[in-house]
Amino acid sequence: MSTKAQTVTPPSTGTGSTFPDFLVIVDFEATCNDSNGGKNPPIKPQEIIEFPAVLLNVKTGAIEGEFHHYLLPDVHPKLSSFCTELTGISQEAVDEGISLKNALYLHSEWINKHNLTNDHKVNYNQDEGEKFQFLYVTCGDWDLKTCLPNQLAHHNQTVPQMFSNWVNIKKAYGKFYKRKALGMITMLEDLDLKLEGRHHSGIDDSRNIARICTRMLKDGWEPSATTIPMQKQKQQKKNAQKKKKEPTVIKDRSQCKTVYLIRHGQSEGQAARKQKRSYSGEEFTDCGLTAKGYKQAEEISDLLGQDPDAANIDLVISSPLRRALHTAVLGFDDQQDILVHYDLCEIGSRIPENTALPMDQVLKSLKKDLRNRSGAIDTESLQPKGWPKTARSPNISKKERIENAFRWLYQERSEKCIAVVCHYNVIRSMLTHHYQCNVTPENAIPIKCLLTPEGDLVPAKA
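Heads up: the sequence shown begins at 1 in UniProt numbering, then just goes up one per residue.
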């Protein structure tokens, strides 16, 4: 493949640090199945079925080489229809593929051919002459931290040393531009670069990630590994275990607020997963409720009516995603004000259903059910600038944002009884983390909790 060279002048660090000559962008595709909203267990181990690598010259910004092979999985040799639809990789392609062992050998030969070396001794012979420093680049840590090690471990094999460190371009992007990168598509859009080829094609994604790297280099980015040395990882894990939170014990319930956690009604994406249909198309972006979900939402007020305390609800908070906001609109009295909190979006799967639309589009889609409402829907007070493409701080995780949102509910709001309409993983994250209980939130079924001054949520029955 030939590309136009775009001269990129690497910035002088002034620190004597080694600036890599090349970046090797890797984006594996692996066996997978339809999780059906977490009901179907994932394939173990996930096996690499496409091994692409793109060699990017840091100085010129040009792609100087590519490595590409399809692989035949040996534990689960037959691809699921979901996997083929997602990646575009056919059963025939993997049937004619090579083994992972052979792919790793050929990849090392390809590295050798270009006289590349990194911080780890490359355990094969290279020609005499100049050696060029390189760094692997991945979009996330999954490829080299999880996928490759797990597959090799399944066969009692170790990961080659040269894969021990890499650049997670999402972390590097967030740190460099001071804005959160949710994934490759987000970064391309932020940089006004169009997607070239097919998303989830390993080789096309690798080329697109290379384009992101080229732009970052042009803007002055200095590539460096974002991985943490193994010894430091072990120490961090030990420290985390020491700090593991004990179950919250409430000594004075009078100091707590009452919170009803409500998962939205059944969504179109949820129904598609249940029926084992594809839910990865654009039509599922921030999708709405099904007829069943609509009915579930309408029944919330009846369910709350069975609890005398629910009559005191004086604040309804909703996630900005359409299925949650629609549930809040249908589930509460037309005179009830609703406040949208943008840190309560669903966490976990990066599927179209969890990709937020602009709030004016969401409200427009709910126009029919908003006609007779006298209560306000406040979408502006807490809306981050530039939503939904808002860059979040890379220094705080989604889980921490959710926890901060509930601390804010206690500390900054005067209301004593609050309903929060949100999502499956948001509810599980709060209750599992703070109370270590196993909760499976059902659609539109309120879970009564106590909110402590520290922002902890404890089921009221506990």
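Idealized CB from N, CA, C, for every residue including glycine.
Alpha carbon of residue i to alpha carbon of residue j, nearest angstrom
| i | j | result |
| --- | --- | --- |
| residue 91 | residue 67 | 21 Å |
| residue 351 | residue 284 | 8 Å |
| residue 194 | residue 118 | 31 Å |
| residue 256 | residue 275 | 41 Å |
| residue 200 | residue 382 | 34 Å |
| residue 416 | residue 258 | 6 Å |
| residue 161 | residue 141 | 16 Å |
| residue 196 | residue 187 | 13 Å |
| residue 70 | residue 133 | 27 Å |
| residue 173 | residue 209 | 11 Å |
| residue 407 | residue 371 | 33 Å |
| residue 225 | residue 27 | 16 Å |
| residue 449 | residue 301 | 17 Å |
| residue 358 | residue 280 | 20 Å |
| residue 375 | residue 331 | 13 Å |
| residue 75 | residue 340 | 46 Å |
| residue 96 | residue 79 | 13 Å |
| residue 446 | residue 334 | 19 Å |
| residue 442 | residue 264 | 9 Å |
| residue 62 | residue 56 | 6 Å |
| residue 122 | residue 102 | Since pLDDT at residue 122 reaches only 47, below the 50 mark, its modelled position is unreliable, and the value read off the structure follows with that caveat. Their Cα atoms are separated by approximately 17 Å. |
| residue 147 | residue 19 | 28 Å |
| residue 336 | residue 308 | 17 Å |
| residue 366 | residue 84 | 35 Å |
| residue 413 | residue 380 | 17 Å |
| residue 180 | residue 418 | 30 Å |
| residue 143 | residue 153 | 14 Å |
| residue 93 | residue 206 | 19 Å |
| residue 305 | residue 299 | 10 Å |
| residue 131 | residue 108 | 15 Å |
| residue 113 | residue 135 | 16 Å |
| residue 282 | residue 385 | 24 Å |
| residue 500 | residue 373 | The first residue shown for the chain is 1 and the last is 462, placing residue 500 beyond what the model contains. |
| residue 313 | residue 342 | 21 Å |
Residue from the options with nearest C-alpha to residue i
| i | options | result |
| --- | --- | --- |
| residue 440 | 448, 428 and 450 | 428 |
| residue 192 | 179, 42, 326 and 215 | 215 |
| residue 273 | 353, 139, 363 and 75 | 353 |
| residue 270 | 423, 205, 253 and 75 | 423 |
| residue 459 | 253, 171, 22 and 57 | 253 |
| residue 227 | 292, 290, 185 and 145 | 145 |
| residue 478 | 62, 98 and 81 | Shown here, the chain extends from 1 to 462; a query on residue 478 therefore has no answer. |
| residue 457 | 189, 443, 404 and 412 | 404 |
| residue 89 | 50, 298 and 137 | 50 |
| residue 278 | 312, 365, 385 and 34 | 34 |
| residue 464 | 102, 105 and 24 | The chain is shown only over 1 to 462; residue 464 falls outside these bounds and no answer can be derived. |
| residue 401 | 385, 455 and 386 | 455 |
| residue 369 | 326, 31 and 205 | 326 |
| residue 444 | 421, 360 and 430 | 421 |
| residue 360 | 320, 345 and 373 | 320 |
| residue 21 | 314, 40, 43 and 58 | 58 |
| residue 158 | 344, 104, 131 and 182 | 104 |
| residue 171 | 163, 156 and 137 | 137 |
| residue 389 | 182, 167 and 431 | 182 |
| residue 431 | 262, 41, 115 and 223 | 262 |
| residue 477 | 344, 355, 295 and 115 | Absent from the model: residue 477. The displayed extent of the chain is 1 to 462, so no value can be given. |
Cβ shell of residue i (< 6 Å), same chain only, five flanking positions each side left out
| i | result |
| --- | --- |
| residue 150 | 45 |
| residue 347 | 398 and 425 |
| residue 29 | 49, 50, 87 and 202 |
| residue 297 | 265, 327, 330, 331 and 444 |
| residue 198 | 88 and 204 |
Opening and closing residue of the alpha helix (DSSP H) in which residue i lies
| i | result |
| --- | --- |
| residue 401 | 398-411 |
| residue 370 | 367-370 |
| residue 188 | 184-190 |
Cβ shell of residue i (< 7 Å), same chain only, five flanking positions each side left out
| i | result |
| --- | --- |
| residue 176 | 216 and 221 |
| residue 250 | 256, 450, 452 and 458 |
| residue 43 | 31, 32, 33 and 76 |
| residue 355 | 285 and 286 |
Beta-carbon contacts of residue i that lie in its chain and below 8 Å, excluding the five residues immediately before and after
| i | result |
| --- | --- |
| residue 110 | 53, 65 and 67 |
| residue 212 | 169, 173, 184, 187, 188, 191 and 193 |
| residue 267 | 287, 288, 289, 290, 293, 323 and 353 |
| residue 338 | 316, 317, 318, 325, 328, 329, 332, 375, 376, 377 and 378 |
| residue 47 | 30, 31, 71, 73, 74, 75, 76, 100 and 151 |
| residue 81 | none |
Span of the beta strand (DSSP E), counted from its first residue to its last, around residue i
| i | result |
| --- | --- |
| residue 210 | Per DSSP, residue 210 belongs to no beta strand (DSSP E); it is in the alpha helix (DSSP H), 202-218. |
| residue 25 | 22-26 |
| residue 68 | 63-70 |
| residue 51 | 48-57 |
| residue 419 | 417-422 |
| residue 450 | 447-451 |
| query | Of all the beta strand (DSSP E) runs that stay within the bounds of the segment 335-361, which reach a length of 3 or more residues? | reply | 338-340
| message | Give the list of continuous alpha helix (DSSP H) stretches no shorter than 4 residues that lie fully inside the segment 80-168. | response | 81-87, 91-95, 100-113 and 148-154
| query | In chain order, which continuous runs of the beta strand (DSSP E) of length 3 or greater are located wholly inside the segment 250-332? | reply | 257-263 and 315-318
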